[in-house]
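Down below is the structure, laid out as structure tokens.
Protein chains: 2
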Amino acid sequence: MQTPPMIGKNIQRIRSARKLTLNVLSERSGVSKAMLSQIESDKVNPTVATVWKIARGLNVELNDLLEADDEPKRIFSLNPAAEDETKLEKKQDGITIRVLSPLSMVEELEMYMVTFEPHAALISEPHFPGTQEYLTIVKGTVKVTVGDNTAELKRGDFLMYHCDTEHAIYNESNQPAIVHMVVRFSPDQR
Amino acid sequence: MQTPPMIGKNIQRIRSARKLTLNVLSERSGVSKAMLSQIESDKVNPTVATVWKIARGLNVELNDLLEADDEPKRIFSLNPAAEDETKLEKKQDGITIRVLSPLSMVEELEMYMVTFEPHAALISEPHFPGTQEYLTIVKGTVKVTVGDNTAELKRGDFLMYHCDTEHAIYNESNQPAIVHMVVRFSPDQR
DNA sequence: TTTGTAAGTTCAGTATACTGAACGTGGTTT
DNA sequence: AAACCACGTTCAGTATACTGAACTTACAAA
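Here the protein sequences line up with chains A and B, keeping their order. Be aware that the first sequence starts at 1, since it is given in the working numbering, and climbs by one per residue. Be aware that the second sequence starts at 1001, since it is given in the working numbering, and climbs by one per residue.
This is the structure we're talking about:
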């Protein structure tokens, strides 16, 4: 980060998205209404402890208040342009799916970058037997259920599972989440 | 984060790893030596602006000072145990490679989680023609060179490239980096 | 030993983060 | 209209973050 963080704007953006008043946030966070008002309008340099209390009150990570408002994640290729320039993008119900894998490999392997808005979920029907999925959490936290099993994942975690039963990924938090996803089709089943 | 951050310990750890005195860090950051001393021994609640100046002086991200000392990234599997319990781990020259892919797929596809210590590099000879690599940056920043091309990547970025020429991944920063890496061998070449 | 230097700690003053209470401002009810 | 409420802003006091200077402590040179 090259410039000081815009804490005030971040707090105000999240607070108004939740439709919370200064009084309510003050009660939840233990920070006075007066201080919240001054922080939001950049009249003071709050202490880390104060910003941390506000983060707790808003139920977000401290980093979400300090980071610049989320730059979108970037997708690069050093391959010849024609080969994979066309990146599909599908968006619905708070889910954005960007197809990373070149079309040439579409039959054996697929790779996606999936963005989850707060409280969005991606629910999948069973695939062919032998199909596996590999998840890497790039941002935020998600809950994954595969049949009767459940895993809670946070940034940096990795999870693999067979997906021949119904499986789902939930973002139960109030902040966006990003998941890198590899789907491998079993060679002898396709 | 459920507990207030241990800023003092983080600063002292990084400062002593760099063998900087309080005087030097004070000059570089613009924060008084007295304040640095008190922050490191948790006698005060510093403002965000002060911690941000210190982060600049240490040449690290603000978040590196606020986060709890790095929890290792976790690798989960919801598969039957025997199938993929054995995770290889290779460590040398500041590089730790964890093999994610089950051994059953080792011939067509490999998946790794690679941790780079500060200033570590992973340099690879050319693979068979048609081989591709897919990187997702999980933590930190890295520089990737493939032949004459170069890309600067940060957390959340994705990069794909043919790796039939020499290619390398450098962590030029002072903080660790973690990269998720998929290597796909061209079916008609193996 | 004494002297010197380079490191971190403590001191005393000031700037300001933080608070509870008072104030303004717009919308609704009577 | 007046009275009320809900919301954000401003005020005045106090607690404390922050500073430069003084102080310690430890080790090296004489």
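Positions of the beta carbon are idealized from the N, C-alpha and C atoms, including for glycine.
Thinking C-alpha only, which one of the options is nearest residue i?
{"i": "Val144 of chain A", "options": "A:Ile178, A:Ala55 and A:Tyr170", "result": "A:Tyr170"}
{"i": "Glu172 of chain A", "options": "A:Ser26, A:Met6 and A:Gly94", "result": "A:Gly94"}
{"i": "Glu1133 of chain B", "options": "B:Arg1013, B:Ser1041 and B:Leu1159", "result": "B:Leu1159"}
{"i": "Phe1128 of chain B", "options": "B:Lys1053, B:Leu1025, B:Ile1054 and B:Phe1185", "result": "B:Phe1185"}
{"i": "Ser1026 of chain B", "options": "B:Asp1042, B:Thr1165 and B:Arg1056", "result": "B:Arg1056"}
{"i": "Gly1130 of chain B", "options": "B:Glu1152, B:Asp1164 and B:Arg1074", "result": "B:Asp1164"}
{"i": "Val1099 of chain B", "options": "B:Pro1118, B:His1119 and B:Arg1074", "result": "B:Arg1074"}
{"i": "Glu152 of chain A", "options": "B:Leu1065, B:Asn1174, B:Asn1059 and B:Ser1077", "result": "B:Ser1077"}
{"i": "Glu125 of chain A", "options": "A:Val138, A:His167, A:Val183 and A:Ser32", "result": "A:His167"}
{"i": "Ile7 of chain A", "options": "A:Ser37, A:Glu89, A:Ile123 and A:Glu110", "result": "A:Ser37"}
{"i": "Thr115 of chain A", "options": "A:Glu108, A:Asn63 and A:Lys139", "result": "A:Lys139"}
{"i": "Leu135 of chain A", "options": "B:Ala1017, B:Ile1123 and B:Met1111", "result": "B:Met1111"}
{"i": "Asp1042 of chain B", "options": "B:His1180, B:Ile1011, B:Leu1058 and B:Thr1096", "result": "B:Ile1011"}
{"i": "Leu1122 of chain B", "options": "B:Ala1049, B:Met1181, B:Pro1005 and B:Glu1040", "result": "B:Met1181"}
{"i": "Lys9 of chain A", "options": "A:Glu40, A:Ser32, A:Arg28 and A:Lys33", "result": "A:Glu40"}
{"i": "Ala49 of chain A", "options": "B:Val1183, B:Pro1176, B:Pro1005 and B:Thr1096", "result": "B:Pro1005"}
{"i": "Val1142 of chain B", "options": "B:Trp1052, B:Pro1118 and B:Leu1109", "result": "B:Pro1118"}
{"i": "Leu109 of chain A", "options": "B:Arg1013, B:Ser1032 and B:Val1183", "result": "B:Val1183"}
{"i": "Val146 of chain A", "options": "B:Asn1079, B:Leu1058, B:Arg1015 and B:Ile1054", "result": "B:Asn1079"}
{"i": "Ser32 of chain A", "options": "A:Pro176, A:Asn59 and A:Lys53", "result": "A:Lys53"}
If the cut is a Cβ gap below 7 Å, which residues of chain B does residue i touch?
{"i": "Ile7 of chain A", "result": "Val1048"}
{"i": "Asn45 of chain A", "result": "Thr1047, Val1048 and Ala1049"}
Count the other CB atoms, across all protein chains shown, that sit within 10 Å of the CB of residue i; report buried if there are 16 or more and exposed otherwise.
{"i": "Gly1030 of chain B", "result": "exposed"}
{"i": "Asp148 of chain A", "result": "exposed"}
{"i": "Glu1061 of chain B", "result": "buried"}
{"i": "Thr21 of chain A", "result": "exposed"}
{"i": "Gln1092 of chain B", "result": "exposed"}
{"i": "Asn1023 of chain B", "result": "exposed"}
{"i": "Ala120 of chain A", "result": "buried"}
{"i": "Arg973 of chain B", "result": "One cannot answer for residue 973 of chain B here, as it falls past the ends of chain B, which runs 1001 to 1190."}
{"i": "Pro46 of chain A", "result": "buried"}
{"i": "Lys1019 of chain B", "result": "exposed"}
{"i": "Ala17 of chain A", "result": "exposed"}
{"i": "Glu1089 of chain B", "result": "exposed"}
{"i": "Ala1034 of chain B", "result": "exposed"}
So residue i contacts chain B; which residues on that side make the cut at Cβ distance below 8 Å?
{"i": "Ser77 of chain A", "result": "Leu1159, Met1160 and Tyr1161"}
{"i": "Leu100 of chain A", "result": "Tyr1134, Phe1158 and Met1160"}
{"i": "Arg18 of chain A", "result": "Near Arg18 of chain A there are no residues of chain B at all, since even the closest Cβ is about 19 Å away, more than 8 Å."}
Taking DSSP as the reference, what is the three-state secondary structure of residue i?
{"i": "Met1006 of chain B", "result": "coil"}
{"i": "Ala120 of chain A", "result": "coil"}
{"i": "Arg1098 of chain B", "result": "strand"}
{"i": "Val1060 of chain B", "result": "coil"}
{"i": "Val1146 of chain B", "result": "strand"}
{"i": "Ser1173 of chain B", "result": "coil"}
{"i": "Thr1222 of chain B", "result": "The shown model of chain B, from 1001 to 1190, leaves out residue 1222 of chain B, and the question about it has no answer."}
{"i": "Glu1027 of chain B", "result": "helix"}
{"i": "Ile1011 of chain B", "result": "helix"}
{"i": "Leu66 of chain A", "result": "helix"}
{"i": "Ser1233 of chain B", "result": "No statement about residue 1233 of chain B is possible, as the shown extent of chain B runs from 1001 to 1190 and does not include it."}
{"i": "Ser16 of chain A", "result": "helix"}
Report the neighbours of residue i on chain A: residues whose CB is nearer than 8 Å to its CB, in chain order.
{"i": "His1180 of chain B", "result": "Thr136, Phe158 and His180"}
{"i": "Asn1149 of chain B", "result": "Leu78"}
{"i": "Leu1066 of chain B", "result": "Val48, Leu62, Asn63 and Leu66"}
{"i": "Arg1246 of chain B", "result": "Outside the displayed range of chain B (1001 to 1190) lies residue 1246 of chain B, so it cannot be described from this structure."}
Residue i versus chain A: which residues are under 9 Å apart at the beta carbon?
{"i": "Tyr1113 of chain B", "result": "According to the sequence as given, residue 1113 of chain B is Met; it is not Tyr. Those are Thr136, Gly156 and Phe158, listed as they occur along chain A."}
{"i": "Arg1015 of chain B", "result": "Within 9 Å Cβ-Cβ: nothing; Arg1015 of chain B doesn't reach chain A, min ~18 Å."}
Per DSSP, residue i is paired with what?
{"i": "Thr136 of chain A", "result": "A:Phe158 and A:His180"}
{"i": "Ile1075 of chain B", "result": "A:Phe158"}
{"i": "Lys1091 of chain B", "result": "B:Thr1096"}
{"i": "Thr196 of chain A", "result": "Outside the displayed range of chain A (1 to 190) lies residue 196 of chain A, so it cannot be described from this structure."}
{"i": "Thr1141 of chain B", "result": "B:Lys1154"}
{"i": "Leu109 of chain A", "result": "A:Arg184"}
{"i": "Ala168 of chain A", "result": "A:Ile123 and A:Thr145"}
{"i": "Thr131 of chain A", "result": "BP columns for Thr131 of chain A are empty, so no partner."}
{"i": "Thr1050 of chain B", "result": "Thr1050 of chain B pairs with nothing; no bridge assigned."}
Indicate, with yes or no, if the ligand NAP has a heavy atom lying under 7 Å from the CB of residue i.
{"i": "Ile7 of chain A", "result": "Among the components of this structure there are no ligands whatsoever, and the ligand NAP is therefore not found."}
Which bits of chain A does residue i rub up against, with CB to CB less than 7 Å?
{"i": "Leu1122 of chain B", "result": "Correct list: empty, because the minimum Cβ distance to chain A is about 16 Å."}
{"i": "Lys1139 of chain B", "result": "Gly156"}
{"i": "Val1031 of chain B", "result": "Simply none; closest approach about 13 Å."}
{"i": "Val1146 of chain B", "result": "Leu78"}
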